[in-house]
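What follows is one structure encoded as C-alpha cells, with my remarks underneath.
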Amino acid sequence: MGLVKLEKGQVLHKAGKDIVETVEVIVKGTIKISNAFSSITLGVGGFVGIVETPGKPYFYTIEALEEGAVYSYPFTSKDDIPKVVQSNPKIAPILAAQSAEAASITCDVFEQEFNETLNEYEQIQADFADYPNLCIKVGEVPKSFPEIEDLMPPKRSSNLPEWAISFARSLKANDAALKRGLYPLSLDIATGMVMSTYDIYQRVSKESQALSEYRKNLKLKAKEFQANMQVIRAKLNGLENGSAEGQSMVAIVNALNTILVYSEVSPEIATKFEEQIAEFKANSNRYDSADEARALRRNISTTFYEVFTPAFLKSLNDDDIPLEVKMFFMFGFVDEELASEKYTITLANMAKSYVPDPDGNVVLLYEWLQKIYNLEVEPSRNEFDQDWLTYLRDQKLSGSLKEEQMEEMIDDPKARLDFEIHNLFALGNRMTFGRISSFVPVFDSQNVLRPLDMAYQNTAKVNEYFSYIRSVDFGVFCRNALYSNMEIGVPQVHYADDVTPYMILMPNPGSRACLWQEIEGKKRSTKARMLVSIFNTENTEECMIKLFGEFRWEMCKTEQGVHWNDVTDPSLTSMYCDYLQFFKKNSALSTEQKDKLRTDLKKYSNNYKNVFIADYLAYVKYEAASSPRLNKVAREILFTFCPFAKELREKIGDNPQYAELINHYNAHVGGQIKPLTNIVHRLKKEELEVPEVILKQIEHLKK
Numbered sequence: 040m041g042l043v044k045l046e047k048g049q050v051l052h053k054a055g056k057d058i059v060e061t062v063e064v065i066v067k068g069t070i071k072i073s074n075a076f077s078s079i080t081l082g083v084g085g086f087v088g089i090v091e092t093p094g095k096p097y098f099y100t101i102e103a104l105e106e107g108a109v110y111s112y113p114f115t116s117k118d119d120i121p122k123v124v125q126s127n128p129k130i131a132p133i134l135a136a137q138s139a140e141a142a143s144i145t146c147d148v149f150e151q152e153f154n155e156t157l158n159e160y161e162q163i164q165a166d167f168a169d170y171p172n173l174c175i176k177v178g179e180v181p182k183s184f185p186e187i188e189d190l191m192p193p194k195r196s197s198n199l200p201e202w203a204i205s206f207a208r209s210l211k212a213n214d215a216a217l218k219r220g221l222y223p224l225s226l227d228i229a230t231g232m233v234m235s236t237y238d239i240y241q242r243v244s245k246e247s248q249a250l251s252e253y254r255k256n257l258k259l260k261a262k263e264f265q266a267n268m269q270v271i272r273a274k275l276n277g278l279e280n281g282s283a284e285g286q287s288m289v290a291i292v293n294a295l296n297t298i299l300v301y302s303e304v305s306p307e308i309a310t311k312f313e314e315q316i317a318e319f320k321a322n323s324n325r326y327d328s329a330d331e332a333r334a335l336r337r338n339i340s341t342t343f344y345e346v347f348t349p350a351f352l353k354s355l356n357d358d359d360i361p362l363e364v365k366m367f368f369m370f371g372f373v374d375e376e377l378a379s380e381k382y383t384i385t386l387a388n389m390a391k392s393y394v395p396d397p398d399g400n401v402v403l404l405y406e407w408l409q410k411i412y413n414l415e416v417e418p419s420r421n422e423f424d425q426d427w428l429t430y431l432r433d434q435k436l437s438g439s440l441k442e443e444q445m446e447e448m449i450d451d452p453k454a455r456l457d458f459e460i461h462n463l464f465a466l467g468n469r470m471t472f473g474r475i476s477s478f479v480p481v482f483d484s485q486n487v488l489r490p491l492d493m494a495y496q497n498t499a500k501v502n503e504y505f506s507y508i509r510s511v512d513f514g515v516f517c518r519n520a521l522y523s524n525m526e527i528g529v530p531q532v533h534y535a536d537d538v539t540p541y542m543i544l545m546p547n548p549g550s551r552a553c554l555w556q557e558i559e560g561k562k563r564s565t566k567a568r569m570l571v572s573i574f575n576t577e578n579t580e581e582c583m584i585k586l587f588g589e590f591r592w593e594m595c596k597t598e599q600g601v602h603w604n605d606v607t608d609p610s611l612t613s614m615y616c617d618y619l620q621f622f623k624k625n626s627a628l629s630t631e632q633k634d635k636l637r638t639d640l641k642k643y644s645n646n647y648k649n650v651f652i653a654d655y656l657a658y659v660k661y662e663a664a665s666s667p668r669l670n671k672v673a674r675e676i677l678f679t680f681c682p683f684a685k686e687l688r689e690k691i692g693d694n695p696q697y698a699e700l701i702n703h704y705n706a707h708v709g710g711q712i713k714p715l716t717n718i719v720h721r722l723k724k725e726e727l728e729v730p731e732v733i734l735k736q737i738e739h740l741k742k
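Per our numbering, the sequence shown starts with residue 40, numbered consecutively.
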C-alpha cells in the first residue's frame, strides 16, 4: 500500500488475471481503464478500480498512458471508499469533482457501447434478411441458421435508470460551479458526492459487463453466418464485376438443344420447336397484333407443352436433372439469347438456389404436377368447371370413353397429368401472364418489366403474404366445420377450420394472380388452389390482397350454396349484393357516396365480385392502417364478416368509425365463447379429456 510509480505503458492491473485487493487514486499522469469493447481515461484525482469487486479478478485492464503515480489503499468492500476520501481532506473536493466527471464519462461510454452493440445486432439481422436473396443471385442454396433466428436485441436494464445518467451529465455540465460552491463546503459533502457517483458507475459497470458478455455471445453465435455471408458477397462482387470467378458460376450454351435432347421428343417436334424459337427471336416485333406474329405465338404455345410433358416424365426418375432443364421447368426458359446473357445467369442462380416449401403450401408448377402424377392430389377443374371425375363421366356420356376406359383412367398418372397440363398449366399460364393476346410460354427478356430479384416469388415471400393477410384478416382461410362427440356429451360444435391454400408458382413473368378453385371437388375442408407468376411484374402486395379477397367471395358462395345472394340468410356475399343492388335507396349513404358507387359499378361492368375485391383491397391496405377509404355500409359488412385481428382491433379501438363495430363484435364473440367454456368446465369436472378442436376454437375466437 502507498505510493506506486508507473512507467508509460505499464499495466497496473490486468483483466482476468490480477485479483482486486486495492483501490488507487491518481496523483500524477493519466490512466486508461479498458475491456475488450470500450475504454475511459482518467486524470489526477480519479479513482482507479473503484468499480471492481473486491476478492474477484479484475474485469478491466488498468494501464498508464504516461509516466505517473497512484496512491494505493486497501479495498475489501465499498465501505473503504469513504475512508479514502476522509483520510485526504485537502484533496477531497478534487476527488468529488473527478468522481462526478468519471460518472459522466462512464455513462457516455456505455451509451456509445450500447449503440454499437445494437448496430451490430441490427446489421446481423439486416444481413440475415438479405441472405436468401443474395443466395439466389449467386446460385447458392440458403443454409439454415436457427441461432440467428433466435437472437434477441440488447436491452436496457432497469438497474441503470435514465435519471441517473441525466444526473451524472448534469454534474459535468455544472462542474465549474460545483467546484467553487459545493464540493469545498464540507468533507461530508465531498464524501457524499463520491459515494453517490460511485453508485452510478457501479451500475454502469454492471451493465457494461453484461453488454460485453452479450457481444461475445453475439459474435460467437453469428460467426458461422457471417463467414458464410463473406463468401456470398465475394461471389456477388465477382459476378457484378464480371470477374472470372463470377462468370464461371454459370455456363449456359445452346440450352434449347440440351432441353430437346433431354426430353427425347421426336425429331419432327424438335426441329419444329427449334425453327419456331429461331423465327421468334429474329422478329423484333414479335408481340405485335399481326396475324403472322399471333400465329407464331400460338404455335410456340402448342409445341412448348409437347416438349414439356416428355421432359417432365423423364425427370421423375432422374436425380441429376440438367440445370437448363430445371430452368425450363421453373421459368419457361428455352434459349439464352432470347433470355439475354444477364437474365440467363440470374435464372440459373435462382434455379440452383431454389428451396422447396417445407410445409408444401407454396409449390412450383413442376412440383404441383408431381403431386398430380403421384396421386397425392386430384387434378384441378377444367375451363368448364369440371373436376376429373365429372370430366370422365361426361366423356363417357358423350361416347368418347367406354366404362372400362373411364375406370382405368381415374387413377392413371399419365392421363391425370395430361388433363392438368392441358387445363391448369396451359390456361393458368396464360391467365397469370396478364396479356392474353400476346402470351407466349417461353421466357423472353422483353417481358421483364421489373427487376427479376424484386419480381421473384419464392416460398419465403409467399409465406410472408400468408402471414400478412392473417395479421389483418385473421379468418381469411377459415371454413365453417362441425365437430360432434356424443360419447362425452358434445352433440355438435361449430368451429373455424383454418386451411392454408396451395400457391402454385407459374413459370412466366406475369402481372396477375388468380384463384383457380376454392376447394377440391366438394370437400370444403380441402385446400384452395391459387396461381401467381413466379415473376410478378405488378405490385405484388396488391395482387395478393385482391387474390385473397376473391377467395373470400368464392368460398362464401361455396359455403352458402344457392343462398349465396339471399339476404334472408346473412352472409358476406348476400349482404354485399343487397348493398350494391339497392344502394340508391340506402339512407345511410350520402349523395357523393352514391355517385361514387354508381361510378364503381360502371367501372367494374356491374360485377359485384370485382367491386367487393376493390373494397377488400382498401379495407386491408388502408382501413387497417387507420386511413379511411370505405363508406359506412361497406365498412360494416366487411368488419362483420372479415373482422380485423385482435392487435388491429385494439389499435383502432378508439376510432369512432370502428368503436361501435368492435363492441358489437366483442359481444358476439363473447356469446360464442361462453357455451364452449361451459363445455370445457363440465368435461374437466367430469375428468374427461377436452377435445383439442374446442380449445383451438376458443383460442381462434380470442384472436
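All C-beta atoms, glycine included, are put in the ideal place defined by N, C-alpha and C.
Being a predicted model, the structure only gives us computed values, none of them experimental.
DSSP on residue i, reduced to helix/strand/coil?
i: residue 407; result: helix
i: residue 283; result: Caution is warranted here: a pLDDT of 44 is assigned to residue 283, below 50, making its placement in the model unreliable, and no coordinate value can be reported.
i: residue 214; result: helix
i: residue 153; result: helix
i: residue 661; result: coil
i: residue 425; result: coil
i: residue 548; result: strand
i: residue 196; result: coil
i: residue 112; result: strand
i: residue 71; result: strand
i: residue 721; result: helix
i: residue 520; result: strand
i: residue 553; result: strand
i: residue 42; result: strand
i: residue 134; result: helix
i: residue 729; result: coil
i: residue 589; result: helix
i: residue 576; result: coil
i: residue 221; result: coil
What does a CB cutoff of less than 8 Å around residue i pick up in its chain, not counting 5 residues either side in sequence?
i: residue 738; result: none
i: residue 606; result: 613, 614, 616, 617
Could you give the C-beta distance for residue i and residue j, rounded to a whole number, given that I count them as a contact under 8 Å?
i: residue 543; j: residue 569; result: 7 Å
i: residue 274; j: residue 492; result: About 15 Å separates the two Cβ atoms, so there is no contact after all.
i: residue 89; j: residue 237; result: 6 Å
i: residue 187; j: residue 207; result: In fact, because the Cβ distance is near 36 Å, the residues do not count as touching under 8 Å.
i: residue 178; j: residue 391; result: 4 Å
i: residue 144; j: residue 79; result: 5 Å
i: residue 647; j: residue 573; result: That pair is no contact at about 31 Å.
i: residue 440; j: residue 434; result: 4 Å
Applying the criterion that 16 or more other CB atoms from any shown protein chain within 10 Å of the CB defines a buried residue, is residue i buried or exposed?
i: residue 423; result: exposed
i: residue 52; result: buried
i: residue 661; result: exposed
i: residue 183; result: exposed
i: residue 531; result: exposed
i: residue 497; result: buried
i: residue 244; result: buried
i: residue 336; result: buried
i: residue 191; result: exposed
i: residue 711; result: exposed
i: residue 162; result: exposed
i: residue 556; result: buried
i: residue 378; result: buried
With a CB to CB cut of under 6 Å and the five nearest residues on each side skipped, what residues in its chain are close to residue i?
i: residue 550; result: 473, 576, 577
i: residue 286; result: Unreliable positioning characterises residue 286 in this predicted model, as indicated by a pLDDT of 44, which lies under 50. The coordinate reading is nonetheless provided below. Taken in chain order, the list of residues that qualify is empty.
i: residue 389; result: 175
i: residue 195; result: none
Within the same chain, show all residues whose beta-carbon is closer than 7 Å to that of residue i, passing over the 5 residues directly before and after it, in chain order.
i: residue 459; result: 408, 411, 418, 419
i: residue 125; result: 226, 230
i: residue 59; result: 88, 91, 92, 93, 94, 95, 97, 114
i: residue 742; result: 513, 684, 685
i: residue 387; result: 178, 289, 291, 362, 366
Can you give, in chain order, each stretch of the alpha helix (DSSP H) that sits fully within the stretch 592 to 650 and has at least 4 residues? 611 to 620, 630 to 642
Sequence ranges, beta strand (DSSP E) only - wholly within the stretch 77 to 114, length at least 3: 78 to 81, 100 to 103, 107 to 113
Give the list of continuous beta strand (DSSP E) stretches no shorter than 3 residues that lie fully inside the stretch 441 to 524. 517 to 524
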